[in-house]
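Engineer:
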Amino acid sequence: MNLFRKNVFLRKTIREISMLLKKDYPNTYNAIMELEKEGFIKIEKVGKSKLCSIFLNQKIISLLSFLEEQESFERNIPNISKILEFKEFNEDIMLVTGSYVLEKQKKSSDIDLVLIVREKAFEKQKLLENLTSLMIPKIHVLVFSYKDFVDMLLDKKPNFGKEILDKHLIFRNVIKYYTLVNEAIEHGFKG
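Numbering-wise (my numbering), the sequence shown opens with residue -16 and increments by one.
1. Is the distance from the Cβ of V(-9) to the Cβ of L34 below 8 Å?
2. Rank L3, A14 and E112 by C-alpha distance to the C-alpha of F69 and give the top, closest one.
3. Quick check on the DSSP output: the alpha helix (DSSP H) that includes L(-7) runs from which residue to which?
4. Does the distance from the CB of N156 to the CB of L50 come in under 8 Å?
5. On the criterion of 16 or more Cβ atoms from any shown chain inside 10 Å, does H170 qualify as buried, or is it exposed?
6. Got a sec? Which residues, its chain only, sit under 6 Å from D93 by beta carbon, not counting five neighbours each side?
7. Quick check on DSSP: helix, strand or coil for M118?
8. Count the other CB atoms, across all protein chains shown, that sit within 10 Å of the CB of V29; report buried if there are 16 or more and exposed otherwise.
9. Suppose contacts are defined by Cβ-Cβ distances below 8 Å. Is I76 in contact with I26 by that definition?
10. Terminal residues of the continuous beta strand (DSSP E) containing F143?
11. V100 and S55 - do their beta-carbons sit closer together than 8 Å?
12. Return the bridge partner residues of T162 from the DSSP annotation.
13. What does the alpha-carbon distance come out to for the pair T(-4) and N59?
14. For the beta strand (DSSP E) that contains I26, what are its first and last residues?
15. With DSSP collapsed to three states, give me the class of K33.
16. Quick one: residues in its chain with C-beta nearer than 6 Å to the C-beta of L136, no 5 flanking neighbours on either side, listed in chain order?
17. With a Cβ-Cβ cutoff of 8 Å, do I66 and T11 count as a contact?
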């Protein structure tokens, strides 16, 4: 499932999946069949091939949420525990993007912290900037509304919303994040 978590638009044959995962075909086949039976993967016959993909239903979103949080908290992102204690942002989607996600940060790298909020984006950005202003490494705060995030995904041009989709560590409200991604998909977003 991690393969699909990294790319929710992935459509591959079982053989391609086994090669991507560097696992033998019979074990991959059995795992895919079990995931299909459980409702996590759909298999679509295209010609002689069977393409595997996911659709973002609640069951998938719940599983992806668990996997996202597990990976995020396994990383040692400086100050993230302190930031997560700020109660003012409990209802918001909080994630890190940039060099810390790619594990290519340098001593001088800042942390790109993204907050996706239902409302009051400007006020929340100023508040989070103030609360993190003395932290080292420096925290670079970006705040978007739910609508702005979905609009970025729907835009045909490359943008920061699509970069977030490709490279992120989500620390809070993963289910809300995938719900927004699913909303964009329902409105025509294809990755």
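The beta-carbon is built from N, C-alpha and C at its ideal position, and this holds for glycine as well.
Because the structure is a prediction, the values reported are computed rather than measured.
Structural biologist: Per the coordinate set shown:
1. no
2. E112
3. Careful: L(-7) lies outside any alpha helix (DSSP H) and carries neither H nor E.
4. no
5. exposed
6. P120, K121 and H123
7. coil
8. exposed
9. no
10. Element bounds for F143: not the beta strand (DSSP E) but the alpha helix (DSSP H), F143 to D149.
11. no
12. Per DSSP, none; premise fails for T162.
13. 35 Å
14. K25 to V29
15. strand
16. G144, A167 and F172
17. no
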